Amino acid sequence: MSVKTETASLLSKLGVPKKAYTKGTMAAHSPVTGEQVASLPAATSAGAAAAVERADAAFRKWRMVPAPRRGELVRLFGEELRAAKADLGRLVSIEAGKIPSEGQGEVQEMIDICDFAVGLSRQLYGLTIATERPGHRMMETWHPLGVVGVITAFNFPVAVWSWNTALALVCGNTVVWKPSEKTSLTALACQALLEKAAARMGDVPDGICTVLTGDRAVGEVLVDHPKVALVSATGSTRMGRDVGPRLAKRFARAILELGGNNGGIVCPSADLDMALRAIAFGAMGTAGQRCTTLRRLFVHESVYDRLVPRLKKAYESVSVGNPLDSGALVGPLIDAQAYEGMQKALKAAKAAGGKITGGARVKVGSDKAYYVEPALVEMPRQEGPVLEETFAPILYVMKYADFDGALAAHNAVGAGLSSSIFTLDLQEAERFLSAEGSDCGIANVNIGTSGAEIGGAFGGEKETGGGRESGSDAWKAYMRRATNTINYSKALPLAQGVSFDID
Ligand code: UN1
């Protein structure tokens, strides 16, 4: 079966109407073969604004539905995802180029956040706070926020939307989603599954979740529309520099999950077998196209010659190939632009004295598909392309002598998403996690930088944008907090001892 035929058959099985992927001006490609697999209609700015109005009308009803009942919709959606896991995971592989276990893993991440959100729907609680006034009670109430605009990237085409949507829905919000132009088909499939869950539940307002396949102009409507209360955007730091100030200007909320230039430190006491596996997955997994991909590695000089040659061997022997039928561990880059970005970074690294293993294009099927050998680059120091995130499988490796120097170098980049240390030394591990340690939103010990679970808050600092999605108390960003003070006495004492007697 051709990729195009299989795509149509999966979309149909997932409940997407045929005209949604056969008619329209937007072309959908698979990076696996580079071929066009579908055509879709592109939303207009006016259509996007109308979707926001519909979502706002739906919000006014949805916010009055008790939260555990809202959780029921998410529970049913989780059931749909369980039933559709194989098909949706396969579609992710076709559209984003992920190997099967990663395509399936992404859907598992969606199922996990649904489970989390269902539990959360009974735990949206505030504090009761001691008041200084007799006969008074002070408490916090968390209310639904409004319409949430979700803008997602190609590399996690369905999971990131689900983190936002599962939380937004139980919090009483409605969602308008602008997926990456590179991965609109999986978005249509998610929408179809959500609609199926909504139909099973029965009393869900129309327009509670909308997907808008289209270009940048559609995303801009979400950013600028006064009825979008929160925009959760995943993408490049460049995109965030545009989106952040626009949201700030109208005092809208932002969750920005931008670039990552994630680092790891391998210390003298590290379990090198474990580090090797973690580094290989972190740096080469998903063809280096995760926000959490390991991109910079600092290796202590005493273990460098025991670790780096083994790592090079892993790079030389890793299988690169068609993720749909070859069992390869590394699939394609998303497109030609990603390949060109990678080559440009490698050229700059070479000019700065880098010694490169791998990095060449690998012919797999058509010329329109971009497969590469992952590249390991031994750098004399951290400079040039090492300071930037290149969304491709490049791992820069640097030798260090002193822990404080490695820590300082680790933190000396713009991005602050994920980080890890490999050590059996308690002092090093704890220092890495301390206030003077890693400055990232995620800091790990003896595991890699990627592959976070949904139970923790996900996001980063500095140029990564500062937002948090997913687990822990990230839900608070999707609700508004009211502080309530109730006087049940017969007097009116003023706080801070102020007196204001009018007679
Ligand atoms: C992303 O790359 O945008 O931690 C998200 C991970 C995944 C999520 C990555 N759970 O690698």
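Each residue of the sequence shown is one higher than the one before, starting from 47 at the first, in the working numbering.
Glycine included, C-beta positions come from ideal geometry on N, C-alpha and C.
Since we're looking at a predicted model, the values are computed, not measured.
- Taking C-beta atoms under 8 Å as the contact rule, residue 192 and residue 275 qualify, at a distance of about 3 Å.
- Between the C-alpha atoms of residue 162 and residue 517 there is a straight-line separation of about 7 Å.
- For residue 309, the enclosing beta strand (DSSP E) covers residues 308-312.
- The segment 398-471 contains, as complete beta strand (DSSP E) runs of 3+ residues, the segments 401-403, 421-424, 440-446 and 464-468 (chain order).
- Non-local beta-carbon contacts of residue 406 in its own chain, meaning distances under 8 Å to residues more than five positions away in sequence, involve 418 and 419 in chain order.
- Short note on residue 531: C-beta not closer than 7 Å to any heavy atom of the ligand UN1.
- A Cβ-Cβ contact shorter than 8 Å links residue 234 with residue 66.
- The shortest CA-to-CA distance from residue 380 to any of 71, 85 and 144 is the one to 144.
- For residue 280, the shortest C-beta to heavy atom distance toward the ligand UN1 is below 7 Å.
- In this structure, residue 337 has its beta carbon less than 7 Å from a heavy atom of the ligand UN1.
- Runs of the alpha helix (DSSP H) spanning 4 or more residues and lying entirely within the segment 50-81 occur at 65-68, in chain order.
- If you draw a straight line from the Cα of residue 173 to the Cα of residue 532, it is about 14 Å long.
- If you look at residue 114, you'll find it in the alpha helix (DSSP H) that goes 113-142.
- Relative to residue 378, the option among 200, 271, 303 and 528 whose CA is nearest is 200.
- Per DSSP, residue 301 is one residue of the beta strand (DSSP E) stretching across 299-303.
- Residue 508 sits in a strand when the DSSP states are folded into three classes.
- In the three-state scheme derived from DSSP, where H, G and I count as helix and E and B as strand, residue 202 is classed as coil.
- Of all alpha-carbon atoms in 244, 311 and 327, the one lying nearest the alpha-carbon of residue 479 is that of 311.
- Of the residues assessed, residue 261 falls on the exposed side of the cut-off, its CB having fewer than 16 other CB atoms within 10 angstroms.
- Here the C-alpha atom of residue 272 lies approximately 16 Å from the C-alpha atom of residue 93.
- DSSP places residue 348 inside the alpha helix (DSSP H), whose first and last residues are 347-363.
- As DSSP reads the structure, residue 246 sits in no beta bridge.
- Three or more beta-carbon pairs separated by less than 8 Å are not found between the segment 216-231 and the segment 537-546, which leaves the two stretches without contact.
- Non-local beta-carbon contacts of residue 433 in its own chain, meaning distances under 6 Å to residues more than five positions away in sequence, involve 459 in chain order.
- Sequence-distant partners of residue 225 (beyond 5 residues in either direction) whose C-beta falls short of 6 Å from its own C-beta, in its chain, are 198 and 233.
- Counting only residues of its own chain and dropping the five nearest sequence neighbours on each side, residue 493 has a CB closer than 7 Å to the CB of 324 and 466.
- In this structure, residue 60 sits near residue 130, with a CB-CB distance shorter than 8 Å.
- Out of 502, 529 and 358, the CA that lies nearest to the CA of residue 515 is found in 502.
- Taking one beta carbon from each stretch, the segment 164-171 and the segment 200-219 have 3 or more pairs nearer than 8 Å; the two touch.
- Inclusion of residue 280 and residue 194 in the CB contact set at 8 Å is not warranted, their separation being larger than that value.
- Shortest gap from the CB of residue 202 to any heavy atom of the ligand UN1: under 7 Å.
- Residues 341, 435, 459 and 461 of the same chain have their beta carbon placed closer than 6 Å to that of residue 307, with the five preceding and five following residues left out of the count.
- Judged by the Cβ position, residue 74 fails to qualify as a neighbour of the ligand UN1 at the 7 Å threshold, every heavy atom of the ligand being at least this far.
- Counting only residues of its own chain and dropping the five nearest sequence neighbours on each side, residue 507 has a CB closer than 7 Å to the CB of 462, 485, 486 and 487.
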